[in-house]
């Protein structure tokens, strides 16, 4: 079943729920309704068994994409596997924005979710999301690169050549589409908003298509997204050119809600780590991926937190909604 999680009054709901702040010796950057007693930077499960969640139907969402219906079909083999392992019904919910996805988990309407790289810290701190897996290769390697694309015949040869140009960023919370460029580009000789005009396209897909159409002079995008677009024939690789690319960043994190029953969490992990990508649509969509790899937010998202800190990012509803 495909349903849709739309926009909600996140800021209002956040203010109301914060009134129930729990006493906690260590919260770090977590919202006041969560606690991090063990210092792993993610919300602890409730100590009161009565507050643990064990729903009959699990709700799963993947990070916002241009065509949710397509991805519901792509994720169908995994959804079926997740149902078999957990013994639960599972619904795929299509989310329209990062804010809607974070609020859905915070409010208890979303139990398992893939959050893209930049929004993951917001999900952790505002929604009690617990990252535990990432897509990887057989040898456990994972990651994507920030790439700058321009037209094949463009006069942009280096990042510094973007001065005075119209450059598409995706959205303020995106890592490769905005946060990383703002943190890394100054050392490459160009400062976003100062040396070039930043235009938010809304997504990596739209940034790339805008470069192809000539609407933007260049765009920083996530390599994994543009690779999948090329595989689906959404643009002609001969029409564009890579100007620069970064070292690898972590890709979409897969998370469970912090208040799920621990026994259910173990079943969810079992489903992820036993899933076989071979011979199904999910494996075909994510080329080079063969399994889910265990990760922790504290370790694998350290570089992302560093980038966001350098940009003055605050993990608040207002910061997420920018």
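Residue numbers (mature numbering (1 follows the signal peptide of the UniProt record, and there is no 0)): -21 to -1, 1 to 301. For each residue, glycine too, the CB sits at the ideal point set by N, CA and C.
- Spatially closest choice to residue 60 from 142, 255 and 139, by CA coordinates: 255
- Message: Once DSSP output is grouped into helix, strand and coil, what is the label at residue 50?
- Response: helix
- Between which two residues does the alpha helix (DSSP H) harbouring residue 101 extend? 99 to 106
- Residues near residue -4 in its chain [Cβ-Cβ closer than 8 Å; skip 5 each side]: With a pLDDT of 41 at residue -4, under the threshold of 50, the modelled position of this residue cannot be trusted, and the question is left open.
- Query: Which runs of the alpha helix (DSSP H) fall wholly inside the stretch 130 to 210 and span at least 4 residues, in chain order?
  - Reply: 159 to 163, 183 to 192 and 202 to 210
- If you pair each beta-carbon of the stretch 224 to 233 with each one of the stretch 12 to 27, do three or more pairs fall below 8 Å? no
- Please report the residue range of the beta strand (DSSP E) in which residue 234 lies. Residue 234: member of the beta strand (DSSP E) spanning 232 to 236, first to last residue.
- Item | Contact set for residue 307: own chain, Cβ-Cβ below 8 Å, skip 5 residues either direction | The requested residue 307 does not occur in the structure, where the chain is confined to residues -21 to 301.
- residue 283 beta carbon less than 7 Å from that of residue 77: no
- Can you tell me the Cβ-Cβ gap for residue 305 and residue 54, rounded? I've got them flagged as a contact below 8 Å. The first residue shown for the chain is -21 and the last is 301, placing residue 305 beyond what the model contains.
- Tell me whether residue 4 is buried or exposed, calling it buried when 16 or more other Cβ atoms sit within 10 Å of its Cβ. With fewer than 16 other Cβ atoms within 10 Å, it is exposed.
- Note the first and the last residue of the continuous beta strand (DSSP E) segment covering residue 73. DSSP places residue 73 in the uninterrupted beta strand (DSSP E) bounded by 68 to 74.
- Give the straight-line distance between the Cα atoms of residue 71 and residue 40, rounded to the nearest whole angstrom. Straight-line Cα distance between these residues: approximately 6 Å.
- Message: Assuming the contact rule is C-beta atoms closer than 8 Å, residue 197 and residue 141 should be a hit. Round their C-beta distance to whole Å, please.
- Response: 6 Å
- Message: I'd like the list of long-range same chain contacts for residue 68, defined as Cβ closer than 6 Å, with 5 residues on each side in sequence excluded.
- Response: 36
- Message: Rounding to the nearest angstrom, what Cα-Cα distance links residue 310 and residue 240 in this structure?
- Response: Nothing can be reported for residue 310: it is not among the residues displayed for the chain, which extend from -21 to 301.
- Task: Express the C-alpha separation of residue 19 and residue 231 in angstroms, rounding to a whole number.
- Result: 19 Å
- Message: For residue 194, tell me which candidate among 205, 202 and 177 has the shortest Cα-Cα distance.
- Response: 177
- How about the stretch 265 to 275 and the stretch 106 to 124: do they share at least three Cβ pairs that are nearer than 8 Å? yes
- Report buried or exposed for residue 108, applying the criterion of at least 16 other Cβ atoms within 10 angstroms of its Cβ. buried
- Use the C-beta contact count for residue 1: other C-beta atoms within 10 angstroms, 16 or more gives buried, fewer gives exposed. Any reading at residue 1 needs caution, since the residue's pLDDT is 45, under 50, leaving its predicted position unreliable; the model's value is listed next. Classification for residue 1: exposed.
- Task: Output yes or no for whether 7 Å exceeds the beta carbon distance between residue 16 and residue 104.
- Result: For the pair residue 16 and residue 104, the CB atoms are not nearer than the 7 Å cut-off.
- Message: Checking 7 Å against the spacing of the C-beta atoms, do residue 180 and residue 147 come in under that value?
- Response: With respect to residue 147, residue 180 sits close: the two C-beta atoms are nearer than 7 Å.
- Task: Specify the secondary structure class of residue 25 as computed by DSSP and reduced to three states.
- Result: The answer is coil: DSSP assigns residue 25 none of H, G, I, E or B.
- Task: Kindly indicate which three-state DSSP category residue 226 falls into: helix, strand or coil?
- Result: strand
- Report back the beta-carbon spacing between residue 94 and residue 80 to the nearest angstrom; my notes put them in contact at under 8 Å. 7 Å
- Cβ of residue 123 within 7 Å of Cβ of residue 202? Against a cut-off of 7 Å, the Cβ pair of residue 202 and residue 123 comes out as a contact.
- Item | Residue range of the unbroken beta strand (DSSP E) whose run includes residue 93 | 91 to 94
- Could you tell me which residues DSSP pairs with residue 250 in its beta bridges? Paired residue(s): none; residue 250 is not in a bridge.
- Message: Quick check on the DSSP output: the alpha helix (DSSP H) that includes residue 239 runs from which residue to which?
- Response: Per DSSP, residue 239 belongs to no alpha helix (DSSP H) and is neither H nor E.
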